[in-house]
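The numbering of the sequence shown is our numbering, which starts it at 1 and goes up by one.
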Amino acid sequence: MRRKLVIGNWKMNGSRTGNTVLLSGIVAGLASAKADCAVCAPAPYLAQCQAELTGTPLAWGAQDVSAHASGAYTGEVAASMLQDFGCRYALVGHSERRAYHGESNAVVAQKAQAALAAGLIPVVCVGETLAEREAGQTGAVVGAQLQAVLDLLDNAALAKIVLAYEPVWAIGTGKTATPAMAQEVHALLRQQVAERSAEAASGMQILYGGSMKPENAGELLAQADIDGGLIGGAALKAADFLAIIRAAE
Ligand code: PEP
C-alpha cells in the first residue's frame with residue numbers, strides 16, 4: 001500500500017514574514033496527518049523552512065536543482081547544498097522550468113540523478129501541452145519524458161523517485177484533468193516503469209498536479225494510481241493545503 005504524498009509548490013511566491021504565518025498555519029493543522037506532506041519553497045527560504053519545520057511532520061524541498069555537483073555554474077544550486085538545509089525533496093522538470101529555461105528531457109534526468117546522489121528525493125514532473133493532448137500525443141510526450149529518466153537511472157535509483165503528472169494546460173489555469181483522464185495517464189506511467197522494474201512501479205508515488213484544490217482533491221486522490229498531489233496555488237493558503245492533505249488520508 002503506497003502512502004499518499006502532498007507537496008506544495010510555492011513557485012516564486014513568499015516573504016519571510018508571510019512564510020512564517022503560512023508554515024505555522026499548516027503545522028498547527030497537521031497534528032493527525034496520515035499522509036506525507038512537504039512544501040517546496042524558493043531557495044532563499046530553505047533555511048527558514050529548516051529553522052521553522054525541523055521536528056514537525058511537514059518536510060521541505062527545493063523547486064529545482066543543478067545537474068552539476070559543484071563548480072562554475074553561476075546562479076545554480078547544488079543538491080548537496082539543498083541537503084545542507086535539510087531538504088527532503090527537489091522538484092525536477094517542472095513545466096515552467098522546461099518552458100522558460102529550456103530544460104530538455106535529458107537535463108531533467110541528470111537533475112534527478114544529481115538529487116539522488118545527494119540523498120534527496122527527486123520529484124520528476126512530466127506533462128503534455130494542450131496542443132499535444134489535442135493532437136493525441138499525450139502518451140508519447142509523457143512517455144519520452146519518463147524514458148529519459150529510465151535510461152539514466154538503475155533500478156535501485158528508480159525505486160527512490162517520485163513522479164508527478166502535471167498536464168501543462170491544467171497548471172495555474174483552473175482547468176483540472178478529470179479523474180479518469182488523470183488516472184489513464186498515471187496508469188500508463190506506472191506501466192512504463194513496470195516494464196523496467198515491477199518492484200519500482202508498485203512502490204512509486206505518482207502525484208497529480210494541475211489546479212488541484214479542496215473541491216476536486218477527493219475524487220482525484222481516490223483513483224487507483226494517483227498517490228498524492230503537487231499543489232501550486234492552493235498551497236499558498238494553509239486552510240486549502242490542509243484540506244487537500246486531509247482528502248489524501
Ligand atoms: C504546480 O505549480 O505544480 C501546479 C500544479 O500549480 P497549480 O496547482 O496552481 O495548478
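Ideal placement from N, C-alpha and C gives every residue a C-beta, glycine not left out. This one's a predicted model, so the numbers in the text were calculated from it and none came from an experiment.
What residues are listed by DSSP as bridge partners for cysteine 87? Looking at the DSSP assignment, cysteine 87 forms no beta bridge with any residue, so it has no partner.
Are the CB atoms of leucine 5 and valine 142 within a distance shorter than 8 Å? no
- Message: Tell me the residue span of the beta strand (DSSP E) that contains isoleucine 245.
- Response: Not the beta strand (DSSP E): isoleucine 245 falls in the alpha helix (DSSP H), residues 238-247.
Practice problem: Mind checking which residues open and close the alpha helix (DSSP H) that includes isoleucine 26? | Solution: 16-28
Legend entry - Spatial distance of leucine 30 from methionine 1 (CA atoms): 22 Å
**Message:** If contacts are defined as beta-carbon pairs under 8 Å, then alanine 90 and alanine 115 qualify, I think. What distance do you get, rounded to the angstrom?
**Reply:** 4 Å
Look at the alpha carbon of valine 39 and the alpha carbon of alanine 59, and state the distance between them as a whole number of angstroms. 7 Å
Compare the beta carbon distance of cysteine 125 and valine 92 with 8 Å and say whether it is the shorter of the two. yes
Any chance you could list the beta strand (DSSP E) runs of at least 3 consecutive residues sitting entirely within the stretch 106-168, in chain order?
-> 121-126 and 162-165
Cutting at 7 Å between CB atoms, please list the residues of its own chain near glycine 119, excluding the five before and the five after it.
Gln83
TODO: Would you please state the rounded distance, in angstroms, between the beta carbons of glycine 209 and leucine 242? I believe it to be under 8 Å.
DONE: Incorrect: roughly 18 Å between the Cβ atoms, too far for contact.
Item to check | Residue nearest to alanine 234 in terms of C-alpha spacing, selected from Arg16, Arg3, Thr20 and Ile26 | outcome: Ile26
Practice prompt. Enumerate in chain order the residues of its own chain whose CB-to-CB distance from alanine 164 is below 6 Å, with the five nearest sequence positions on each side excluded.
Written response: Val123, Cys125, Leu207, Gly209 and Leu230
query: Tell me which same chain residues have a C-beta within less than 8 Å of the C-beta of glycine 172, skipping the five on either side of it?
result: Ser211, Gly232 and Gly233
* Using the Cα positions of glutamate 199 and histidine 94, report the straight-line distance between them to the nearest angstrom. => 26 Å
* Name the one or two DSSP bridge partners that alanine 59 has. => Ala38
For this session: Return the chain-ordered list of same chain residues with a C-beta closer than 6 Å to the C-beta of leucine 53, the five sequence neighbours on each side being excluded.
Result: Trp60
Next on the checklist: For the beta strand (DSSP E) containing leucine 208, name the first residue and the last one.
Outcome noted: Checking the sequence, you will find tyrosine at residue 208 rather than leucine. 206-209 is the span of the beta strand (DSSP E), which, as asked, contains tyrosine 208.
* Asked: Straight-line CA distance for methionine 12 to proline 42?
  -> 6 Å
- prompt: Is asparagine 13 helix, strand or coil when you go by DSSP?
  reply: coil
task: Please confirm whether isoleucine 244 and alanine 33 have their CB atoms less than 8 Å apart.
output: no
Query raised in the report: Beta-carbon separation of aspartate 64 and arginine 97 under 8 Å?
Result: yes
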